[in-house]
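Each remark here refers to the structure printed beneath this line.
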Amino acid sequence: MTPTLLWFRQDLRLQDNPALHAALARGGPVIPVYVWEESCESPAAEGARANDGWAAQPGAASRWWLHHSLEALDAAVRERGGRLILRRGDPLAELQEIVRATGAKGVYWNRRYEPAARARDARVQTELAAAGLDVKTFNSALLNEPETILNKQGGPFQVFSAYWRHCLTLPVAAPRKLPAGPIPAPERWPRSLDVAALELRPRVAWDRGLAQAWTPGEASAAKRMTRFVAGAIDRYDEERDFPGCDGTSMLSAALHWGEISPRQLWAAVRGRSRESGVFPPSNGARIFLAELGWREFAYHLLWHFPHTIEQPLRRAFARFSWAEDPEGRRLRAWQRGQTGYPIVDAGMRQLWQTGWMHNRVRMIVASFLVKHLRLSWPHGATWFWDTLVDADLANNTLGWQWSAGCGADAAPYFRIFAPVLQGRKFDSDGVYVRRWVPELARLPDRFLHAPWTATAQTLAAAGVRLGENYPRPVVDHAAARAEALAAFRQLREPPVRTTLR
């Protein structure tokens, strides 16, 4: 039998990998391939810049994760008698070259749903099929593919609750285990680069915090899933909003890179239900599965409204009165965790050091950027894209448009998170802030989330010097809130129409 190329992208696992199962079923050798697409050389990436703007390439933190995930995947493939072929450049050209070198007659891959990736994949599929190759694609990343879910009017959903109620009526396919034994190897392997040659890791070693926080790869993801489903998932409804405790799954990066599939997560939760016969087995599990549904909803929206990567879904927000920040001082204060609001600064520092941020805090810092600083949401989306290890185009777009009030099922713009109240409510004992903003660690709890309200004596005793070792608030909450609401009221007024005479 002739070889089949298995083109990996964001499906970096062996278990429950539909393209791999199909390649094995076809018979003959299977040649796993990953192609790092270079923006300066690849026609597909040129299209990505036009279609996806700032999201043309994974950000720096995502590239760090990808480097280590590829190492883990290669090790797993080698344990099965194969190897992962690494290339860089235009995927079509590289796949064609490997086909010529190996005599492969099939090319299989799992689908992606970002606008530029769809365009690129269509071009690759057309060219390879025209050359007489057996080309097949599969759903690996979602419970339901975006174009298959429609409302009663035959259009896309724009309200999550209605979308998810509909999805819950649909069956979820069981994950498939990789058969035991080796992956059939070719007689001769094509040339391959070393993973270091892809230059995914930073040239300046700023990634120590990421290395301490994460172990990328399928095996690590499976362990994390098992641990979460066995315990913390039942407390998820109570603990998921408190950043100081270990109450979330921490699986978002593994899901994005396909080290674990949503079907595997669903099946793991269903497995817990065998004990009681009730599914989901707890309210925490029910809410966690709804969060998995939110991820599905993000892809549903990106598929049907691809312009939302850089433009608001609610067209009226195109004329929103964003604030000016000509020297970028306010934006830099936010990025560096120097806003003077401890819960905001803790989140931004956690992001910078670990490549991840607790979800409740993501909402707080996003609200602060678009409503307190009144800087447009693409600023935040771009920064998250570069600094998150779980940066995902669909979820990043939905999350920021939700925070800005300009997307589907979005939080109303007039709902403005008060950072001090949010800190006191969700980090009342200060565990989170004291970890990530250590210069405030000695402040009493009552002043921790608003250090400027402490007396000079209290600040001195805690070693806090406002304006020196910790900034004063970059904006006043009450004034910023009033300005944001005024801008929103102006948005609601009909645009002025002029008539030429």
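Going by full-length UniProt numbering, the sequence shown opens with residue 1, and the numbers climb by one from there.
We treat Cβ as the ideally placed atom computed from N, Cα and C, and that holds for glycine.
8 Å Cβ cutoff met for residue i and residue j
| i | j | result |
| --- | --- | --- |
| Q401 | T308 | yes |
| P216 | H372 | no |
| Y108 | K136 | yes |
| P471 | G340 | yes |
| A232 | D246 | yes |
| F488 | Y432 | no |
| V33 | L6 | yes |
| E296 | N151 | no |
| W64 | P202 | yes |
| T248 | K105 | no |
| L251 | T354 | no |
| L24 | P262 | no |
| R360 | D194 | no |
| N396 | W385 | yes |
| residue 519 | A285 | Outside the shown range of the chain, which is 1 to 501, sits residue 519, and nothing can be said about it. |
| G337 | W352 | yes |
| D74 | R83 | yes |
| I416 | P186 | no |
| A454 | F447 | yes |
| F320 | L491 | yes |
| P182 | D427 | no |
| L133 | V99 | yes |
| A298 | A174 | no |
Residue i classed as buried or exposed, judged by whether at least 16 other C-beta atoms fall within 10 angstroms
| i | result |
| --- | --- |
| A130 | exposed |
| A460 | exposed |
| V475 | buried |
| L168 | exposed |
| Q264 | buried |
| E275 | exposed |
| P438 | exposed |
| A221 | buried |
| A50 | With a pLDDT of only 44 at A50, under 50, the local geometry of the prediction cannot be trusted, and the value read off the model is given with reservation. By the neighbour-count rule (16 or more Cβ atoms within 10 Å), A50 is not buried but exposed. |
| L170 | exposed |
| N469 | exposed |
| D390 | buried |
| W206 | exposed |
| V204 | exposed |
| T4 | buried |
| S140 | buried |
| R9 | buried |
| P43 | Model confidence at P43 stands at a pLDDT of 37, short of 50, so the residue's coordinates are unreliable; what they give is reported in the following sentence. With fewer than 16 other Cβ atoms within 10 Å, it is exposed. |
| D392 | buried |
| R208 | exposed |
| P29 | buried |
| P238 | For the record, residue 238 in the displayed sequence is Glu; it is not Pro. Exposed, since its Cβ has fewer than 16 Cβ neighbours within 10 Å. |
Anticipated Cβ contact below 8 Å, residue i with residue j, distance rounded
| i | j | result |
| --- | --- | --- |
| A19 | F160 | Incorrect: roughly 30 Å between the Cβ atoms, too far for contact. |
| P146 | H300 | 5 Å |
| P190 | T126 | With 8 Å as the limit, P190 and T126 do not qualify as a contact, their Cβ atoms being about 23 Å apart. |
| R436 | Q311 | One detail in the question is off: residue 436 reads as Trp in this sequence, not Arg. Going by Cβ atoms, the distance from W436 to Q311 rounds to 33 Å, so no, they are not a contact pair. |
| P342 | P451 | 7 Å |
| W356 | A482 | Not a contact, Cβ separation roughly 33 Å. |
| F368 | V344 | 5 Å |
Cβ-heavy atom distance, residue i to the ligand SAH, below 7 Å
| i | result |
| --- | --- |
| A174 | Because no ligand of any kind appears in the structure shown, any question about the ligand SAH cannot be addressed here. |
Inset, instruction - Would you check if there are 3 or more beta carbon pairs closer than 8 Å linking the stretch 80–98 to the stretch 23–40? - result: Note that the stretch 80–98 touches the stretch 23–40; at least 3 beta-carbon pairs, one per stretch, sit closer than 8 Å.
Inset, instruction - Could you name each continuous beta strand (DSSP E) segment of 3 residues or more that falls completely within the stretch 101–172, going from the start of the chain to the end? - result: Listed in chain order, they are 106–110 and 134–138.
Legend entry - Cβ pair count under 8 Å reaching 3, the stretch 222–232 against the stretch 350–368: Cβ pair count under 8 Å is below three, so no.
Inset, instruction - Answer yes if the stretch 461–480 comes into contact with the stretch 436–443, meaning at least three C-beta pairs across the two stretches below 8 Å, and no otherwise. - result: yes
Inset, instruction - Report yes or no: do three or more beta-carbon pairs, one from the stretch 370–384 and one from the stretch 321–340, lie closer than 8 Å? - result: yes
Inset, instruction - Run through the stretch 185–221 for me and flag every whole alpha helix (DSSP H) of 4 or more residues, listed as ranges in chain order. - result: Fully enclosed alpha helix (DSSP H) runs of no fewer than 4 residues occupy 208–213 of the stretch 185–221, in order along the chain.
Legend entry - Stretch-stretch touch, CB-based, cutoff 8 Å, three pairs: the stretch 279–290 with the stretch 415–425: no
Legend entry - 4-residue-minimum alpha helix (DSSP H) runs that sit fully inside the stretch 269–352, ordered along the chain: 283–304 and 329–335
Inset, instruction - Could you tell me whether the stretch 375–387 touches the stretch 249–257, where touching means 3 or more Cβ pairs closer than 8 Å? - result: no
Inset, instruction - Could I get the ranges of all uninterrupted alpha helix (DSSP H) runs contained in the stretch 385–427, with 4 residues as the minimum, in chain order? - result: 393–404 and 419–426
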